[in-house]
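Asks: This is the structure I want to talk about, given as C-alpha cells.
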Amino acid sequence: MRILGSENNVAVTFNVDMSNAGSSAKGYITGEFTADANGNWQIFPMKQVGSSSTYTFTTHLSQGQTGAYYYLSDSVWTARETVPENLQGKWNDRLYQASSTEKEQIISNTWSN
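Numbers 420 to 532, taken from our numbering, label the letters of the sequence shown in order.
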C-alpha cells in the first residue's frame, strides 16, 4: 500500500544488485506495499542506476510498517527470485520494516542472495 502526504511517512528506497540474475535481467519489485484495493500484489518496474546492474525503487510507507516483498527479473510472476532461506522473513519472501524514527530509509539487497 502506498501512503502519500502524511507526516508519519518514510521514503523507503529498495536497491537490488541484479548481477546474479543474468545479463538480460531487469529489476522489478512486488510486495505487500504494492497491493491494490483487493489485496492483489502488483509488479512495479525499478529504475536502473546508470549502466550498472543495480536497480532502485522508492515508495512511501507508514512509520514502522512491515511486510513481505521480493524482486523479479522480468514483469511476469514466474520471474521471481528464490529468496535464500536465511533471508526469508515472511512466508518465502524478504521482510521490510519501515523506520519508526527516520523520514528516509534505504534497503539494499543482492538478487537471490
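C-beta: ideal position from N, C-alpha, C; glycine also.
Buried or exposed, going by whether 16 or more other CB atoms sit within 10 Å of the CB of residue 504?
Replies: For this step, residue 504 is matched to residue 85 along the sequence shown. Per the 10 Å Cβ criterion, exposed.
Asks: Run through DSSP, which three-state label would residue 529 get?
Replies: Taking the first residue of the sequence shown as 1, we reach residue 529 at position 110. Correct three-state label for residue 529: strand.
Asks: Hey, out of 488, 445 and 497, whose CA is closest to residue 452's CA?
Replies: Here residue 452 refers to the residue found at position 33 of the sequence shown. Per the Cα distances, 488.
Asks: When burial is assigned at 16 or more other CB atoms within 10 Å of the CB, is residue 500 buried or exposed?
Replies: Taking the sequence shown and counting its residues from 1, the one referred to as residue 500 is at position 81. By the neighbour-count rule (16 or more Cβ atoms within 10 Å), residue 500 is buried.
Asks: Count the other C-beta atoms from every protein chain shown that fall within 10 angstroms of the C-beta of residue 435, then say buried if there are 16 or more, exposed otherwise.
Replies: Residue numbering aside, residue 435 sits at position 16 when the sequence shown is read from its first letter. So residue 435 counts as buried.
Asks: Excluding the 5 residues flanking residue 524 on each side, which residues of the same chain have their C-beta closer than 8 Å to its C-beta?
Replies: As a first step, residue 524 must be located in the sequence shown, where it is residue number 105. Cβ neighbours of residue 524 beyond the five flanking positions: 429, 430, 431, 432, 517 and 518.
Asks: Given this structure, state the Cα-to-Cα distance separating residue 422 from residue 466, to the nearest angstrom.
Replies: Here the question's residue 422 lines up with position 3 in the sequence shown. Here the question's residue 466 lines up with position 47 in the sequence shown. Note on residue 422: pLDDT 46, under 50, position unreliable in the model; the coordinate value appears next. One C-alpha to the other measures close to 20 Å.
Asks: Figure out for me which residue from 522, 529, 486 and 527 has the closest Cα to the Cα of residue 511.
Replies: Counted from its first residue, the sequence shown places residue 511 at position 92. When only C-alpha atoms are compared, the closest one is 486.
Asks: Helix, strand or coil for residue 430 per DSSP?
Replies: Start at 1 with the first residue of the sequence shown, and residue 430 comes out as number 11. Shown here, residue 430 sits in a strand according to DSSP, grouped into three states.
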